[in-house]
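Undergrad: Residue numbers (the numbering used here): 326 to 789.
Beta carbons are placed, not taken as given, at the ideal position from N, Cα and C, and that holds for glycine.
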Ligand code: ASP
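1) Between which two residues does the beta strand (DSSP E) carrying residue 582 extend?
2) The alpha helix (DSSP H) with residue 734 in it runs from where to where?
3) What is the DSSP secondary structure of residue 474, reduced to helix, strand or coil?
4) With hydrogens ignored, establish whether the beta-carbon of residue 390 is closer than 7 Å to any heavy atom of the ligand ASP.
5) Suppose contacts are defined by Cβ-Cβ distances below 8 Å. Is residue 766 in contact with residue 667 by that definition?
6) Relative to the C-alpha of residue 538, which residue among 626, 547, 743 and 531 is closest?
7) For residue 657, which residues in the same chain have their Cβ closer than 7 Å to its Cβ, ignoring the five residues on either side in sequence?
8) Please classify residue 692 as buried or exposed, where buried requires at least 16 neighbouring CB atoms within 10 angstroms.
9) How would you write the range of the beta strand (DSSP E) that residue 527 sits in, first residue to last?
10) Is residue 549 near the ligand ASP, with its Cβ less than 7 Å from a heavy atom?
11) To the nearest angstrom, how far is the alpha carbon of residue 433 from that of residue 480?
12) By DSSP, does residue 695 sit in helix, in strand, or in coil?
13) Mind checking who residue 615 pairs with in its DSSP beta bridge?
14) CA-CA distance, residue 714 and residue 764?
15) Would a C-beta distance cut-off of 8 Å place residue 699 and residue 597 closer than the cut-off?
16) Which residues in the same chain have their Cβ closer than 7 Å to the Cβ of residue 564, if we skip the five residues on either side of it in sequence?
17) Evaluate residue 388 with the Cβ neighbour count: other Cβ atoms within 10 Å of its Cβ, from every protein chain shown; 16 or more gives buried, anything less gives exposed.
18) Within its chain, find whatever has a CB closer than 6 Å to the CB of residue 487; leave out the 5 residues flanking it on each side and keep chain order.
19) Contact check, residue 357 vs residue 400 under 8 Å by CB: the rounded distance?
20) Say the cut is 7 Å; is the CB of residue 545 nearer than that to a heavy atom of the ligand ASP?
21) Below 8 Å, can you find three or more Cβ-Cβ pairs linking the segment 571-588 to the segment 605-618?
22) Might you give, ordered along the chain, the residues of its own chain that have their beta carbon closer than 6 Å to the beta carbon of residue 769, omitting 5 neighbours on each side?
23) Secondary structure at residue 430, three-state DSSP: helix, strand or coil?
24) Compare the beta carbon distance of residue 568 and residue 590 with 8 Å and say whether it is the shorter of the two.
25) Would residue 647 be called buried (16 or more neighbouring beta carbons within 10 Å of its own) or exposed?
26) Should residue 516 be counted as a contact of the ligand ASP given a C-beta to heavy atom distance under 7 Å?
27) Thinking residue 524 and residue 493 are a contact (beta carbons under 8 Å), I'd like their distance in whole angstroms, please.
28) Which of the three DSSP states is assigned to residue 343 in this structure?
29) In terms of residues, what are the limits of the beta strand (DSSP E) holding residue 380?
30) State buried or exposed for residue 422, treating a residue as buried only when at least 16 other CB atoms are found within 10 Å of its CB.
31) With hydrogens ignored, establish whether the beta-carbon of residue 435 is closer than 7 Å to any heavy atom of the ligand GTP.
32) Excluding the 5 residues preceding and the 5 following residue 383 in the sequence, name in chain order all residues of the same chain whose CB lies nearer than 7 Å to its CB.
33) Cβ atoms of residue 570 and residue 637: under 8 Å apart, would you say?
34) Give the DSSP-derived three-state secondary structure of residue 486 in the structure shown.
35) Once you ignore the five residues that flank residue 683 on each side, which residues in its own chain have a CB closer than 6 Å to its CB?
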């Protein structure tokens, strides 16, 4: 503690010094002369995460830039404008010709705006604001909104999955023709998987949507994603749990991904979601939906749906790394974990050192399953001796189920069949919602990942 204090002794805030020297305040409109040129904008308060060396200016374009104090030659106050960021609230108009769609908010960037008090992105969601900011929604459907949670998606978990599944079921019974779920993108594929297992054979589309850039940014994907997701929910022919996000890096169209085959693959691209091990279900573009796959569950007019909302939380996902020590597995057994999904290397491997721990896990009645770090391709444990040995230790291969999906499925299966080892194993090895496929299409891998000559051509011509 003392050391830390000493470090900061005599510490000065160079930005504050600059502001004092040129008599500007937070919320001043300023003209800044810097070594990098002249900039005009609104001087924002410092956010919790920004550093002490930069002044943050909001330019007229909506972008925030940081000016290093060393580069600032002068600051001139041209006005003062305390910003209160508020989207106008409007009542959503009702058209009797339009289908009824329910939008559940859970949080994330799509429900966020910039908090100008701290400069941070905060979760906020109100139905009127949504319509106020994306009025096109009223041309698509009669949208009714309900905020279930207001969290960034790292805070979503089994408790929220159960509530969401129950509310989705109620909305189906209440007669909505489609359901949209606003969600943070980071863990949207976990929730999509959970809903795919908990809400089986829905009669209407259940479309999850998020955004990578908040709606106050010019490059935001929030409005397009919301419009396309709402379209797919209101008018789309596919009644499955899906994710609707930017397809290509441009804003040409969105893709609909099956909830059990989708994964967030890029930390910042708007086109971050990819279908793995398959091709996306459909493209959505300006009020049209083009199906890319035939074997999609069709929309129905009945209200039948199978709800199996349960989750055992003592399951975990272990990402194997070379050199892993058996105590990693031992610690899980000792902590009472009942199920372990392993993301193994290659065709489904872990090192020999862990074998005794796997053996102990089996003796303790812990269920163990194998998935792949490669994400594409199938677990094949008969090819190498290692695979055969691990099989003998009771680790069950899960074909091409994605590791996160297998983890969610195991929690769900154990919740549905508590204390019934065999029933869980049967459920885990049976395809419930497209989580395992017979084979992976050649074009799925090539088109999405690129990298061979014909794909380069294809990407350059069509998919950019
Ligand atoms: N961190 C945010 C979340 O997942 C990111 C987003 O919404 O895109 O909640």
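TA: For this structure:
1) In this chain, the beta strand (DSSP E) harbouring residue 582 covers 579-583.
2) Note, residue 734: alpha helix (DSSP H), 728-741.
3) In the structure shown, the three-state DSSP call for residue 474 is coil.
4) Taking the Cβ of residue 390 as the reference point, every heavy atom of the ligand ASP lies at 7 Å or farther away.
5) In this structure, residue 667 does not lie closer than 8 Å to residue 766 by Cβ.
6) For residue 538, the nearest C-alpha among the options comes from 547.
7) These residues qualify, in order along the chain: 641 and 665.
8) Only buried fits residue 692, as 16 or more other CB atoms lie within 10 angstroms of its CB.
9) Where residue 527 is concerned, there is no enclosing beta strand (DSSP E), because DSSP gives it neither an H nor an E.
10) The answer is no for residue 549.
11) Rounded to whole angstroms, residue 433 to residue 480 spans 10 Å at the Cα level.
12) Strand.
13) Answer is 608.
14) Each residue's alpha carbon lies about 25 Å from the other.
15) Not closer than 8 Å, so no.
16) Here the set comprises 527, 528, 529, 530, 622, 623, 624 and 625.
17) By the neighbour-count criterion, in which a residue is buried when 16 or more other Cβ atoms sit within 10 angstroms of its Cβ, residue 388 is exposed.
18) For residue 487, where only same-chain residues beyond five positions count, the Cβ hits under 6 Å are 634.
19) With a contact defined as Cβ atoms closer than 8 Å, residue 357 and residue 400 qualify at about 5 Å.
20) Because no heavy atom of the ligand ASP lies under 7 Å away, the Cβ of residue 545 does not count as near it: no.
21) With the cut-off at 8 Å, the segment 571-588 and the segment 605-618 touch.
22) Same-chain partners within the cutoff: 603 and 604.
23) When DSSP states are grouped into helix, strand and coil, residue 430 belongs to the strand group.
24) No, the pair does not count as a contact, with Cβ atoms beyond the cut-off.
25) Exposed, by the Cβ-count rule.
26) It does not: the Cβ of residue 516 is nowhere closer than 7 Å to a heavy atom of the ligand ASP.
27) The beta carbons of residue 524 and residue 493 sit about 5 Å from each other, so the pair counts as a contact at 8 Å.
28) Note: residue 343 maps to helix in three-state DSSP.
29) Note, residue 380: beta strand (DSSP E), 379-383.
30) With fewer than 16 Cβ atoms within 10 Å of its Cβ, residue 422 is classed as exposed.
31) This structure lacks the ligand GTP; the ligands present are the ligand ASP.
32) Shown here for residue 383: same chain residues with a beta carbon closer than 7 Å to its own, the five before and five after excluded, namely 366, 367, 369 and 389 in chain order.
33) No, they are not a contact pair.
34) The answer is helix: DSSP assigns residue 486 an H, G or I state.
35) Around residue 683: 718.
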